[in-house]
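Residue numbers (my numbering): 58 to 359. The beta-carbon is built from N, C-alpha and C at its ideal position, and this holds for glycine as well. Okay, structure first, notes after.
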Amino acid sequence: MVVSVGIVWEALIDVEECNMSVAASGTIELGGKRVHRLGYGAMRITGPGIWGPPADHDEAVRVLRRSAELGVTFIDTADSYGPEVSENLIREALHDGKGYGDVAVATKGGFARTGPGVWVALGRAEYLRQCMQLSLRRLGVEQIDLWQLHRIDPNTPREEQFEVLRWFLDEGLAKQVGLSEVTVDDVKQAQEFGVPVASVQNRYNLGDRRAEELLDYCTEQGIAFIPWAPVDAGALARPGGPLDKVAAAHPGKTTGQLALAWLLRRSPVMVPIPGTSSVAHLVENCAAADIELTDEEYEALV
């Protein structure tokens, strides 16, 4: 029997993918569970402008299910993704009738959506409570693993918003709560108000490190730091740049994978959540967990 080289190669790829896992990324306690630090961000399984359903519903479901097969145990979403679309897809793909098993599902509230690409911070107490109740219903749970305030609304007293976070915990509606796009002072104010901040979610990557001070504070405090847009390396990835030179020593690895590997090494509280609507891209991102940078490679990117 003659077997084509193409078929053999595809089989080898399938075997390799079956053995893949993000377990090498390490673990962290988050959402009441011990999760792998390389997670998945479920924003891109929606339509253009993060509005409406995805172009390929079945592929979105496959992405979510494949993430679990690859050992991803932390998924980040928000009620505003779609809106509602991302949460509904997560339930369809991963809910086992009782919950999500070992997977911690984090969601966010506090943005009103009026159209594609439009995001309006809304932190009034009654709105945040509505966000929580509807997320519970869509995700099919009685308690959210991690609920994060998507933005601190500048037009609403922050004490009112912090009070709601405490109420979510007191009422058992969330196991943990967190903040998104904040400063060190914001986190300290929430803590002083009695909010046990379990996570922060800020933009942070090789090319954008404006949240460096916040990351250091989170590392000191043991607060999970969830960087969004984690694979953006900016000028470092240009031909001849530092990341491009590091990539030369890792044949077959992409600059995006190396950027994720750098983040994982940067801090033990780092929980990158690369997002995608493609199974192939998901597998590529997850493979970053197995990349080990030398001390010299890591320092070259600092």
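As assigned by DSSP and simplified to three states, the class of G255:
For the sequence presented, residue 255 should be read as Ala rather than Gly. Here A255 sits in strand by DSSP.
Relative to the C-alpha of E353, which candidate in A346, R322, M327 has its C-alpha closest?
R322
Cβ-based burial, E183 [other Cβ within 10 Å; buried from 16]:
exposed
Name the DSSP beta bridge partners of G83, please?
Partner(s): none; G83 has no beta bridge.
Under 8 Å Cβ to Cβ from R123, same chain only, skipping five residues before and after it: list those, please.
V336, L339, V340
Report the three-state DSSP secondary structure of S237 (helix, strand or coil).
strand
G291, DSSP secondary structure in three states
helix
Between L193 and I201, which are expected to be in contact by the criterion C-beta below 8 Å, what is the C-beta distance as a whole number of angstroms?
6 Å
Considering only residues of the stretch 290 to 334, which uninterrupted alpha helix (DSSP H) runs meet the minimum length of 4 residues and lie entirely inside it, listed in chain order?
299 to 305, 312 to 323
Can you tell me the Cβ-Cβ gap for W319 and Y274, rounded? I've got them flagged as a contact below 8 Å.
Their Cβ separation, rounded to whole angstroms, is 20 Å, which puts W319 and Y274 out of contact at 8 Å.
Relative to the C-alpha of N212, which residue among V326, V177, L230 is closest?
V177
If you run the structure through DSSP and keep just helix, strand and coil, what is R194?
helix
Nearest neighbour of D133, chosen from P105, G166, R119 [CA to CA]:
G166
Should the stretch 140 to 153 be regarded as contacting the stretch 110 to 122, the criterion being three or more beta carbon pairs within less than 8 Å?
yes
Going by CA-CA distance only, name the one from A306, L317, D227, A268 that's closest to A290.
L317
Which of the three DSSP states, helix, strand or coil, is assigned to W224?
helix
Would the C-beta of P329 count as close to the ligand SAM, meaning under 7 Å from any of its heavy atoms?
Absence of the ligand SAM from the depicted structure is noted, as is the absence of any ligand whatsoever, leaving it without description.
Outcome for T312 when other beta-carbon atoms lying within 10 angstroms are tallied against a minimum of 16:
buried
Alpha carbons only, please: which of A255, A247, L293 is nearest the one belonging to Q278?
A255
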